[in-house]
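These notes are about the structure you will find just below.
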Amino acid sequence: MTTPKRFLTAGGALPLDAQSIVKDAQKELASSQRRLFGKRMLTLGGLMLLSGCDLTNDASVNGMLRKLSSFNDDAQALLFDPRKLAPTYPESMIARPFPFNAYYDIDQVPEVDAASYRLELSGRVQGRRVWTLDALRALPQQSQVTRHICIEGWSAIGKWGGVRFADFLRYAGADTTAKYVAFHCADNYWTSIDMPTALHPQTLLTLTYDGGVLPAKYGFPMKLRIPTKLGYKNPKHIVAITVTNTFPGGYWENQGYNWFGGS
Ligand SMILES: Nc1nc2c(c(=O)[nH]1)N[C@H]1C(S)=C(S)[C@@H](COP(=O)(O)O)O[C@H]1N2
Ligand SMILES: [Mo]
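Residue numbers are given in full-length UniProt numbering: position 191 of the sequence shown equals residue 191, and the series is strictly consecutive.
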């Protein structure tokens with residue numbers, strides 16, 4: 001019988017089983033990543049070689065977990081097909097009432113004043129940097145019925161309407177060759193997306209929900225609705241948008257949620 005390999009730090013045996021933690025993280029990798037490597041799973045040993053990690057201390061374990069996560073981001077970005085559409089549904093399938101979710105309770109929802117509201121653009125933007133709600137409402141609008149999927153284990157079909165985000169970026173003179181678009185929200189939430197997703201035809205800067213003005217709980221005055229991404233990549237109450245080549249991270253992403261967050 002072989003004894004399990006122990007991992008030693010300068011101070012002695014590692015209290016946590018480094019190898020099993022990394023193995024669990026590896027199992028979590030999306031099946032998309034397996035497709036990328038054909039039928040072969042990248043082995044733990046292979047990843048250790050690639051990343052130079054030896055898993056002998058906490059820093060090394062954390063480094064490996066970060067590697068796995070960014071590796072997953074890269075794989076998802078490579079596999080993202082900018083023309084592939086998320087499913088759409090008949091209006092009869094809309095969930096009523098639609099669920100509310102945020103990192104706080106519903107009685108903490110921010111109240112944004114419509115008249116004084118301004119959407120501010122920064123970074124790689126040549127054109128108009130300050131937008132009122134009326135200016136946004138004056139742009140061509142469209143709506144779609146899609147499924148919102150939350151990582152916490154629920155999904156619901158809803159109908160959102162607004163401006164195609166790719167069009168908005170062009171109206172604003174944004175550099176669409178930049179890598180990222182970041183969003184800051186009235187409740188201090190923030191997230192960011194890759195440019196191919198920003199330009200996806202179903203990514204909408206939405207101002208309405210189910211035919212009416214977007215209610216406060218669903219993100220008044222606007223929610224970026226991205227049906228190709230998980231719920232946490234769909235920011236509500238957006239007040240600032242930055243077009244940038246510097247990786248911006250996000251509220252949940254910086255706490256370990258996968259940054260690409262494809263659904
Ligand atoms: N500003 C802001 N946007 C946010 C969040 C948040 O807490 N604040 N939560 C996200 C998460 S995890 C989900 S599932 C959806 C929920 O949107 P809903 O309340 O319209 O269902 O909003 C996303 N966008
Ligand atoms: Mo979510």
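We treat Cβ as the ideally placed atom computed from N, Cα and C, and that holds for glycine.
Since the model is a prediction, treat every value here as computed from it, not as a measurement.
Among the candidates the options, whose CA atom is the shortest distance from the CA of residue i?
i    : options                : result
S143 : F98, A240, L207, A178  : L207
A115 : Q108, L136, Y103       : L136
R66  : N258, P201, S263       : N258
W160 : K84, I94, I241, S69    : I94
Q108 : P235, T246, I226, A216 : A216
T132 : G249, A77, V239        : V239
P82  : P227, D187, I241, A174 : P227
R124 : V243, W190, L79, A138  : V243
G250 : S263, G262, P221, K233 : K233
P99  : Y117, R147, S122       : R147
L205 : D113, L119, N101       : L119
P201 : L224, D73, G63         : L224
Y103 : I241, P140, L199, A186 : A186
I106 : Y218, S263, L121       : Y218
L230 : S69, N62, A86          : A86
M222 : D210, H237, L139, G211 : H237
D167 : T191, M195, K179       : M195
Q126 : L169, L68, F260, N245  : L169
A198 : V181, T191, D210       : V181
N188 : V61, D113, P140, P235  : P235
Closer than 7 Å: is that where the CB of residue i sits relative to any heavy atom of ligand 2?
i    : result
G63  : no
Y232 : yes
C150 : yes
N101 : yes
With a threshold of 7 Å, establish whether the CB of residue i neighbours any heavy atom of ligand 1.
i           : result
residue 271 : Any question about residue 271 goes unanswered here, given that the chain covers just 1 to 263.
A216        : no
H200        : no
K236        : yes
A89         : It should be pointed out that residue 89 corresponds to Tyr in this sequence rather than to Ala. No, since every heavy atom of ligand 1 falls outside the 7 Å radius drawn around the Cβ of Y89.
Y117        : no
D73         : no
L180        : It is worth fixing the name first, because residue 180 is Tyr in this sequence and not Leu. Y180 Cβ: outside cutoff for every heavy atom of ligand 1.
D187        : yes
F98         : yes
Quick one: is residue i buried, meaning 16 or more other Cβ sit within 10 Å of its Cβ, or exposed?
i    : result
W154 : exposed
D134 : exposed
E111 : exposed
F247 : exposed
V213 : exposed
K84  : exposed
T177 : exposed
L14  : Confidence at L14 is low in this model, with a pLDDT of 40, below 50, so the placement of that residue is unreliable and no value is reported for it.
E91  : exposed
A59  : exposed
V163 : buried
A174 : buried
A75  : buried
N72  : buried
G262 : buried
E253 : buried
V130 : exposed
Q255 : exposed
L8   : Bear in mind that a pLDDT of 35 at L8, under 50, signals an unreliable position, so the number given afterwards is only what the model happens to contain. Exposed, by the Cβ-count rule.
L78  : exposed
TODO: Any chance you could list the alpha helix (DSSP H) runs of at least 4 consecutive residues sitting entirely within the stretch 50 to 132, in chain order?
DONE: Listed in chain order, the complete alpha helix (DSSP H) runs (minimum 4 residues) inside the stretch 50 to 132 are 58 to 79.
Task: Unbroken stretches of the beta strand (DSSP E), 3 residues or longer, contained in the UniProt domain "Oxidoreductase molybdopterin-binding" (108 to 252) - done: 119 to 123, 142 to 150, 154 to 164, 180 to 185, 190 to 194, 204 to 209, 223 to 225, 238 to 244
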